[in-house]
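*Asks:* Sharing a structure here in structure tokens format.
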Amino acid sequence: MTIGAFSGATEQGAAVVGVRGAALGQQSLSIGNGATNVTSGTNAPIQLATSLGQGTITNKTVGSRVFNGSNTVKDTLGGTAGTLTGTVDGVAITINQAAGTGNATTGTVGAITGGSYNGQTLTAEQANALYQSLGHGGSVTLGQRAIAIGTATAALANNALAIGSTSLASGEGSVAIGSGSIATKTDAVSIGRGAGSSVTSGVAIGAEAKVTGDNSIALGQKSVASAQTGSSFLTNVGATTQGTISVGDGTNNVKRRLTNLADGAVDSDGVTVAQLKQFKVITDKQGADTAAALGGGSTYNSTTGAVTTPTYNVGGTTKTNVGDAITNIDNRTTSLENQTWKLNTNSDTAAVVGKDAEVKFIDGKNIKLSRTGTSITVATADSVKFDSVNAGGTVINNNGLSFVQADGTTPVTNSPSISKTGINAGNNKISNVANGAITSGSKDAVNGGQLQGVADSVKTAIGGNTTIDATTGAITTSNIGGTSSNTIDGAITSVKDAATKAKTTVTAGDNVVVTPTTNADGSSNYQVATAKDVNFDKVTVGSVVVDKATNTINGLSNKTWNGTAVSGQAATEDQLQAVSDAQKATDDAAVKYDNPLTKDKVTLGGAGSTTPVTLTNVKAGAVNATSTDAINGSQLHGVADSVKNAIGGSTTIDATTGAITTSNIGGTGSNTIDGAITSVKDAATKAKTTVTAGDNVVVTPTTNADGSSNYQVATAKDVNFDKVTVGSVVVDKATNTINGLSNKTWNGTAVSGQAATEDQLQAVSDAQKATDDAAVKYDDPLTKDKVTLGGAGSTTPVTLTNVKAGAVNSTSTDAINGSQLHGVADSVKNAIGGSTTIDATTGAITTSNIGGTGSNTIDGA
Numbered sequence: 001m002t003i004g005a006f007s008g009a010t011e012q013g014a015a016v017v018g019v020r021g022a023a024l025g026q027q028s029l030s031i032g033n034g035a036t037n038v039t040s041g042t043n044a045p046i047q048l049a050t051s052l053g054q055g056t057i058t059n060k061t062v063g064s065r066v067f068n069g070s071n072t073v074k075d076t077l078g079g080t081a082g083t084l085t086g087t088v089d090g091v092a093i094t095i096n097q098a099a100g101t102g103n104a105t106t107g108t109v110g111a112i113t114g115g116s117y118n119g120q121t122l123t124a125e126q127a128n129a130l131y132q133s134l135g136h137g138g139s140v141t142l143g144q145r146a147i148a149i150g151t152a153t154a155a156l157a158n159n160a161l162a163i164g165s166t167s168l169a170s171g172e173g174s175v176a177i178g179s180g181s182i183a184t185k186t187d188a189v190s191i192g193r194g195a196g197s198s199v200t201s202g203v204a205i206g207a208e209a210k211v212t213g214d215n216s217i218a219l220g221q222k223s224v225a226s227a228q229t230g231s232s233f234l235t236n237v238g239a240t241t242q243g244t245i246s247v248g249d250g251t252n253n254v255k256r257r258l259t260n261l262a263d264g265a266v267d268s269d270g271v272t273v274a275q276l277k278q279f280k281v282i283t284d285k286q287g288a289d290t291a292a293a294l295g296g297g298s299t300y301n302s303t304t305g306a307v308t309t310p311t312y313n314v315g316g317t318t319k320t321n322v323g324d325a326i327t328n329i330d331n332r333t334t335s336l337e338n339q340t341w342k343l344n345t346n347s348d349t350a351a352v353v354g355k356d357a358e359v360k361f362i363d364g365k366n367i368k369l370s371r372t373g374t375s376i377t378v379a380t381a382d383s384v385k386f387d388s389v390n391a392g393g394t395v396i397n398n399n400g401l402s403f404v405q406a407d408g409t410t411p412v413t414n415s416p417s418i419s420k421t422g423i424n425a426g427n428n429k430i431s432n433v434a435n436g437a438i439t440s441g442s443k444d445a446v447n448g449g450q451l452q453g454v455a456d457s458v459k460t461a462i463g464g465n466t467t468i469d470a471t472t473g474a475i476t477t478s479n480i481g482g483t484s485s486n487t488i489d490g491a492i493t494s495v496k497d498a499a500t501k502a503k504t505t506v507t508a509g510d511n512v513v514v515t516p517t518t519n520a521d522g523s524s525n526y527q528v529a530t531a532k533d534v535n536f537d538k539v540t541v542g543s544v545v546v547d548k549a550t551n552t553i554n555g556l557s558n559k560t561w562n563g564t565a566v567s568g569q570a571a572t573e574d575q576l577q578a579v580s581d582a583q584k585a586t587d588d589a590a591v592k593y594d595n596p597l598t599k600d601k602v603t604l605g606g607a608g609s610t611t612p613v614t615l616t617n618v619k620a621g622a623v624n625a626t627s628t629d630a631i632n633g634s635q636l637h638g639v640a641d642s643v644k645n646a647i648g649g650s651t652t653i654d655a656t657t658g659a660i661t662t663s664n665i666g667g668t669g670s671n672t673i674d675g676a677i678t679s680v681k682d683a684a685t686k687a688k689t690t691v692t693a694g695d696n697v698v699v700t701p702t703t704n705a706d707g708s709s710n711y712q713v714a715t716a717k718d719v720n721f722d723k724v725t726v727g728s729v730v731v732d733k734a735t736n737t738i739n740g741l742s743n744k745t746w747n748g749t750a751v752s753g754q755a756a757t758e759d760q761l762q763a764v765s766d767a768q769k770a771t772d773d774a775a776v777k778y779d780d781p782l783t784k785d786k787v788t789l790g791g792a793g794s795t796t797p798v799t800l801t802n803v804k805a806g807a808v809n810s811t812s813t814d815a816i817n818g819s820q821l822h823g824v825a826d827s828v829k830n831a832i833g834g835s836t837t838i839d840a841t842t843g844a845i846t847t848s849n850i851g852g853t854g855s856n857t858i859d860g861a
């Protein structure tokens, strides 16, 4: 079908609309003045031209449809025919013409034998058609179902679409929309003035946008999408042929922001700045924690992400990494392990003790040794034997007890002493002596009170003017019995003489005292009485019996004891038993000195007891350098607590015994401080009675007031453990991990300075992954030159919806949405007219009953 002067449609289904148009291919459509449509049967690709030229054909032969290169139609014959080789002004077409014959009006112009268009080799027919069409501002289609709309447009392959002045679609299924736009490969799309897609499935949208990489997309004015290069950042995925998405041109510093993006969710999604900021908070925290864990002055720079090198002072040398520091410590520890030491006693020859050698401590005379773990206890033997003991001048030896001066040998003048043969009081009083038993077999010492009683009884027995000297106890008598004699002997002699004279003799028997006197008349009188001191075999008074045979007094009735004494009344063993029981109960409950003489030791439970006894309700004693107060459990617990805190880790205190139990100190796995100080090995521990600082420990030696050594052991300010356990939290050097944290959930709000868990990281990562999965990302995040919807390498088309209508003008680089493309299709629909419809999904144009002809094709109409 042809509509317009000088137009022609030569193939089945071809249609021409416009003056000088030609549709020479099956089902081809040419719209516009001077348009030509040629179907060549092939879909050879057309390459982009780099330059344009000028050629001239002065005449034409009507049969060959040749037009001149200056776009002026020559309708008359004549002139000179010559060979044409050149280009059409304004169009990248080159024509090769065979030599003509003659130059008369009857001559012929040489036929066009071939050419090229934008670098594409043309057949004679293609070149002829392109030349006469493009040379007159027409359009050309060279493929089945190809469409070319606009001045000097060309659709040169099956299903190609070219819309816009000088646009070119030369690849099968290619689309070129916009002035000067070019799509030269299969399924290539160029939309926008001067846009160009020269690769398979490349999409260029925007003025002067260019695509040079297969399957790539260039979005925006002057954007360039090239092939992938290099490997992906972090994931190290190599370049593929899946293409890229570009929204600018890095070479010419054309860059654009991609705004209003949702947060990415899955691995292939793009991420937003907000997500990056949130992730930076995490990385900053990790960087700061890493620097803090390194110690040694290491810091984290949140701007650069760099962690500075730590500096450690190890054994007097500076190390700037953990490995060197550990190596230094290990070398010095090995050296310490291999060290030997000398052991001697008093002035004997020292013995060398090597690594792993055993030193044995043996009980000595009166000395008992015991060991608990690494502690040695030195104590006196349960039964001791000394040749001599000097306790502050009191000497006890095999001769007895004596007192000496400071030189240890010179006796103290007038000091008492005890020997094997007796006690020498040293001319000193012995006071506070209890009443000794006064019996026939008694060997008890008696005191002055008892001697006074005896003296009183003698005084009473003598009677008269007998007196007792209170100091010496001497008894003085005078005029005994009125005999004028001052001695008993004299008095008795006097009485004897009188009795002898009277021939009356009165003799005192057992327990009787005979006191002779002279009556006033001179006669003798003998007073017979029981002696003051009597000695009976048995005396019975009522129920009371005093028996010499048993040396007992029985029958007393005062058998109970109410705590109040009847002065002078004899006590019974019943009362003594009651008092003894009470005293025994008191004695059993009393806390007593082990030695009541020295009073220098108190053993709860009694001297020699090994069963511990609880002493409660003890008031808190003063804790200072001079205090001798008793300390109660709460105070000791405070000390134990401070020790517990100083040791740290899982240290516990037994509430009953106060014992401190440690486990896994400092993450070393050891339950003792000794084990935790790994640099001080067993050899060093056995070798000396000193405490040496090892890894993570500072030892401060001091001297106690009694001259003994004290070692204050504390953790160092900067420590390095193999493992640290705090509650359920374990920091493990072997795995360089921290486990056991309880903060496993993430609510979106950070606790400043608190370590995060991988559970939280997993939650954030899952959220980030979900965002990443939903994000549209550059195929190559480094080059950012291509975006493949569906992900890099995806071949499944993806719908991009809710795209705002972009500006459609010569400078626009906006994305075009479906409604705008529909508008273009609609304009085509309106140009065709009739019952033409547009498929809302594919954009395909369907015609029916064109111009009321009943035909569904322009050709049929």
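When we follow the UniProt record's numbering, the leftmost residue of the sequence shown carries the number 1, and every step to the right adds one. Yeah, the Cβ is synthetic: ideal placement off N, Cα and C, and Gly gets one too.
(1) Does the count of Cβ pairs from the stretch 165-184 and the stretch 138-154 closer than 8 Å reach three?
(2) Run through DSSP, which three-state label would L261 get?
(3) Pairs of beta-carbons, one from the stretch 439-448 and one from the stretch 462-472, closer than 8 Å: are there three or more?
(4) Work out the CA separation of N428 and T413 for me, nearest whole Å.
(5) Counting pairs of beta carbons, one from the stretch 279-295 and one from the stretch 242-262, are three or more of them closer than 8 Å?
(6) Are D718 and Y300 touching if we call contact CB-CB under 9 Å?
(7) Do S216 and A207 come within 9 Å of each other at the CB atom, strictly closer than that value?
(8) Inspect the beta-carbon positions of A351 and K342 and report whether they are closer than 9 Å.
(9) For a test of the three-state rule: what should DSSP assign to Q228, helix, strand or coil?
(10) For the stretch 404-484, list the alpha helix (DSSP H) runs that are entirely contained and at least 4 residues long, ordered along the chain.
(11) Buried or exposed: which applies to T616, given that a residue is buried once 16 or more other Cβ atoms fall within 10 Å of its Cβ?
(12) Given a cut-off of 9 Å on the beta-carbon distance, is the pair S388 and V395 in contact?
(13) Here's the rule I'm using: 16 or more other beta-carbon atoms within 10 Å means buried, otherwise exposed. How should R257 be labelled?
(14) Considering only DSSP beta bridges, list what K786 is partnered with.
(15) Determine the direct distance from the alpha carbon of T796 to that of N802, and round the result to whole angstroms.
(16) Determine whether the beta carbon atoms of T560 and D581 lie at a separation below 9 Å.
(17) Which residue's Cα is closest to the Cα of D249: K285, V211, G264 and S383?
(18) Does the beta-carbon of K277 have 16 or more other beta-carbons within 10 angstroms, so that it is buried, or is it exposed?
(19) Buried or exposed: where does D269 fall if 16 or more other Cβ atoms within 10 Å of its Cβ makes it buried?
(20) How far does the beta strand (DSSP E) with N397 in it reach, from first residue to last?
(21) If you check the beta carbons only, do S190 and S201 fall under 9 Å apart?
(22) Got a sec, what are the start and stop residues for the beta strand (DSSP E) L336 sits in?
(23) When you compare each of T421, A425, N390 and S415 to G408 by their alpha carbons, which one comes out closest?
(24) For T58 and T153, what's the separation of their Cα atoms in angstroms?
(25) DSSP on G400, reduced to helix/strand/coil?
(26) Are there 16 or more other CB atoms within 10 angstroms of the CB of R332, so buried, or fewer, so exposed?
(27) How is Q278 classed by DSSP in three states: helix, strand or coil?
(28) Does V189 come out as helix, strand or coil in the three-state DSSP assignment?
(29) Using 10 angstroms around the beta-carbon of P310, count the other beta-carbons present and answer buried if the total reaches 16, otherwise exposed.
(30) From which residue to which residue does the beta strand (DSSP E) around L343 run?
(31) Let me confirm a value: T847 is counted as buried when at least 16 other C-beta atoms fall within 10 Å, else exposed. Which label applies?
(32) State the start and end residues of the unbroken beta strand (DSSP E) segment that holds A351.
(33) When DSSP labels each residue in this structure, what does V109 get in the three-state scheme?
(34) Can you tell me whether G854 is buried or exposed, with buried defined as 16 or more other CB within 10 angstroms of its CB?
(35) What separation, rounded to the nearest whole angstrom, lies between the Cα atoms of G793 and T259?
*Replies:* Put simply:
(1) Taking a contact to require three or more Cβ pairs closer than 8 Å, the stretch 165-184 and the stretch 138-154 qualify as touching.
(2) Here L261 sits in coil by DSSP.
(3) no
(4) 11 Å
(5) no
(6) no
(7) no
(8) yes
(9) Three-state DSSP puts Q228 in coil, outside helix and strand.
(10) 448-462
(11) exposed
(12) yes
(13) Exposed.
(14) I245
(15) Their backbone Cα atoms lie some 20 Å apart in a straight line.
(16) no
(17) V211
(18) Counting Cβ neighbours within 10 Å, K277 comes out exposed, since fewer than 16 surround it.
(19) buried
(20) T394 to N397 is the span of the beta strand (DSSP E), which, as asked, contains N397.
(21) no
(22) Looking at the DSSP string, L336 is not in any beta strand (DSSP E); the run it does join, the alpha helix (DSSP H), is V322 to E337.
(23) N390
(24) The pLDDT assigned to T58 is 32, lower than 50, so where the model puts this residue is not dependable; a value taken from the coordinates is nonetheless given after this. Those two C-alpha atoms are separated by around 24 Å.
(25) The answer is strand: DSSP assigns G400 an E or B state.
(26) With a threshold of 16 other beta carbon atoms within 10 Å, R332 falls short and is exposed.
(27) helix
(28) strand
(29) Buried, because 16 or more other Cβ atoms sit within 10 Å of the Cβ of P310.
(30) W341 to L343
(31) buried
(32) A351 to V353
(33) Low confidence applies to V109: its pLDDT is 45, below 50, so where it sits in the model is not reliable, and the reading given next is rough at best. Here V109 sits in coil by DSSP.
(34) Counting the other Cβ atoms within 10 Å of the Cβ of G854 gives fewer than 16, which makes it exposed.
(35) 24 Å
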